[in-house]
Amino acid sequence: MPPSSYWVITIACGASLLALAVHFIRGKSTTTHQYHEEQQQRQPLPIPSPRQTVVAGLSSYQAQNLPYPPDSFPGRRDIDTPYGSVRVYEWGPEDGEKALFIHGISLPCISLGNLAEQLVEQGYRVILFDLYGRGYSDAPRHVHYDSRLYSSQIMFVLQSSPLNWMDDDARFHLIGYSLGGGLAVSFARTFPDRLRSLTLITPTGLVRSEYIGWQGKLLYKSNWLPASWIRYLVRRRIDVPEEAPPQSQVDLDTYQQTSPQNSGNRDASGGSSYDFAPISKRRPHVTVNAVLAWQTKHHSGFVDAFTSSMSHAPFYQPPTEWMGLASVLANNDRAKRRGLSQVLIVLGASDPVVLKDETVEDANNVLGEDRVSLVVVDAGHEVPITKSAEVADSILTFWQGSQKGDVVYT
65 MPPSSYWVIT IACGASLLAL AVHFIRGKST TTHQYHEEQQ QRQPLPIPSP RQTVVAGLSS
125 YQAQNLPYPP DSFPGRRDID TPYGSVRVYE WGPEDGEKAL FIHGISLPCI SLGNLAEQLV
185 EQGYRVILFD LYGRGYSDAP RHVHYDSRLY SSQIMFVLQS SPLNWMDDDA RFHLIGYSLG
245 GGLAVSFART FPDRLRSLTL ITPTGLVRSE YIGWQGKLLY KSNWLPASWI RYLVRRRIDV
305 PEEAPPQSQV DLDTYQQTSP QNSGNRDASG GSSYDFAPIS KRRPHVTVNA VLAWQTKHHS
365 GFVDAFTSSM SHAPFYQPPT EWMGLASVLA NNDRAKRRGL SQVLIVLGAS DPVVLKDETV
425 EDANNVLGED RVSLVVVDAG HEVPITKSAE VADSILTFWQ GSQKGDVVYT
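What follows is the structure, encoded as structure tokens:
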């Protein structure tokens with residue numbers, strides 16, 4: 065073969081290989097682009113909270129007159145997380161012991177404001193935050209609202225603080241209310257070394273499964289209905305009037321006596337004394353129902369978050385998370401290690417959601433009587449809202465180590 069022909073063939077082969085390489089790279093680039101587009105479609109943006117959909121269009125005066133104003137407490141911040149934005153409030157002395165609060169399934173963190181302020185007055189540093197899908201926190205889509213999601217959210221909140229909440233020498237007190245109590249149990253069993261103490265106020269997770277009514281089973285424990293139907297029915301179920309009825313229409317004594325038998329509707333109402341309780345000492349004219357009605361109307365992700373929490377978060381028995389906590393307490397006690405060895409449980413004497421007698425019995429059976437301190441307050445499910453001073457006194461007494469064992473009535 066003449067030398068000139070050899071070079072022609074070599075150049076032609078090289079050009080062909082180069083063309084193939086370019087085609088491959090372009091094809092791979094297109095495939096990668098398509099992959100990322102598909103991933104974005106599979107992971108849609110969270111449902112925005114009223115911070116973006118409502119408050120952004122209001123004047124300062126209008127915002128401050130909302131049932132849940134965006135500046136309800138000092139130290140406001142909104143943090144970005146993989147599941148959407150989260151509203152956090154942090155205030156109190158920077159050198160004080162730290163306490164983190166977790167609110168319940170329906171109301172945002174304004175429900176624990178009275179109690180948090182009581183502890184700040186005693187020199188504690190506190191964090192309140194809105195769970196995903198409540199208040200001013202976004203609602204992630206296509207996820208289960210379970211202990212894993214909420215424990216991740218707690219970690220995001222702690223990491224966002226300008227102070228150190230996470231090192232060995234920076235342990236904090238954890239206080240959970242209602243569903244927040246069940247979530248606190250889950251967090252405590254996973255991260256016991258991070259905690260100074262655990263306080264559970266009318267906690268879920270021990271509610272006996274016999275109280276799941278047929279409607280609750282249909283909405284939260286079955287796959288029989290389309291999601292759109294469930295959303296519609298749950299919204300109707302939790303829809304509440306914003307204003308209290310005339311006093312003559314509300315007989316709290318009668319309600320408290322009969323409400324424990326109302327076993328099929330515990331997700332929808334905490335009873336009349338709860339529904340019409342003033343949400344805050346700062347805002348005595350605003351009721352629990354007013355906040356809930358505003359949130360239901362203006363947070364497009366709330367109903368889905370509520371429904372998924374009822375389905376996947378620790379509400380009813382079996383008490384899997386509680387049994388895990390029992391193992392942690394027993395191990396710490398045997399090893400004489402620093403960490404959790406006792407739990408404070410605060411109950412409402414007339415609570416129709418978390419029944420006092422059954423919770424006392426079941427908590428003692430699961431955790432052990434020597435590892436539980438119990439306080440019963442003369443109130444319903446609204447106990448930390450309307451009896452914040454009594455609850456704060458019980459918490460401080462427990463933290464000081466002067467209350468153990470027997471049930472204390474206040």
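For reference, each letter of the sequence shown is one residue, going 65 to 474 in this note's numbering.
Every residue, glycine too, gets a C-beta built ideally from N, C-alpha and C.
Small disclaimer: the values here were computed from a predicted structure and weren't measured.
Take P342, set aside five residues on each side of it, and the residues of its chain with a beta-carbon closer than 6 Å to its own are P348, in chain order. Taking one beta carbon from each stretch, the region 363-370 and the region 252-269 have fewer than 3 pairs nearer than 8 Å; the two do not touch. Listed in chain order, the alpha helix (DSSP H) elements of length 4 or more contained wholly in the region 373-448 are 384-399 and 420-431. Beta bridge pairing from DSSP links T351 with P342.
With distances taken between CA atoms, S224 lies nearest to T145 out of D368, T145 and G121. Residue pairing from DSSP places H237 in a beta bridge opposite A163 and S261. In this structure, F165 lies near L176, with their beta-carbon atoms less than 7 Å apart. Annotation: Y296 to L356 spans about 17 Å, alpha carbon to alpha carbon. Inclusion of T423 and L270 in the CB contact set at 7 Å is warranted, their separation being smaller than that value. Taking C-beta separations shorter than 8 Å and ignoring five residues to either side along the sequence, the partners of D142 in its chain run R115, S149, V150, R151, V152 and Y200, following chain order. Counting other Cβ atoms within 10 Å of its Cβ, Q126 stays below 16 and is therefore classed as exposed. Taking the Cα of K345 as reference, the smallest distance to any Cα among S337, S452 and G121 is reached at S452.
The C-beta separation of V441 from G412 comes to about 6 Å, placing the pair in contact by the 8 Å criterion. Between Y147 and T254, the alpha-carbon positions lie close to 21 Å from each other. Fewer than three Cβ pairs drawn from the region 298-305 and the region 381-395 lie within less than 8 Å of each other, which leaves the two stretches out of contact.
About 18 Å separates the beta carbons of V367 and P131, which is beyond the 8 Å limit, so they are not a contact pair. Rounded to whole angstroms, the separation of the alpha carbons of Q182 and S337 is 22 Å. DSSP, read as helix, strand or coil, puts R253 in helix. Within its own chain, the residues whose Cβ lies closer than 7 Å to the Cβ of V471, once the five positions on either side in sequence are excluded, are V424, L438 and V440, listed in chain order. Contact between V249 and L227 is ruled out by a C-beta separation of about 25 Å, above the 8 Å threshold.
Minimum Cα-Cα distance from P204 among the listed residues Q128, S292, L404 and L109 corresponds to L109. Taking the Cα positions, N129 is about 23 Å away from E446.
With contacts defined as CB atoms closer than 7 Å, W155 and P138 qualify as a contacting pair. In this structure, DSSP gives T145 an extended state, which the three-state scheme calls strand. Under the three-state reduction of DSSP output, F366 falls in the helix class.
Shown here for V119: same chain residues with a beta carbon closer than 7 Å to its own, the five before and five after excluded, namely A127 and P134 in chain order. Annotation: P112 to R198 spans about 10 Å, alpha carbon to alpha carbon. Counted as a single uninterrupted DSSP element, the beta strand (DSSP E) harbouring I191 occupies residues R189 to F193. In the DSSP annotation of this structure, V304 is not part of any beta strand (DSSP E), being labelled neither H nor E. Shown here, W293 sits in a helix according to DSSP, grouped into three states. Taking the Cα of I409 as reference, the smallest distance to any Cα among D339, A443 and T266 is reached at T266. DSSP, reduced to helix, strand and coil, places V271 within a strand of the structure shown. Minimum Cα-Cα distance from G245 among the listed residues G465, Q464 and P448 corresponds to P448.
For V472, the enclosing beta strand (DSSP E) has its first and last residue at V471 to Y473.
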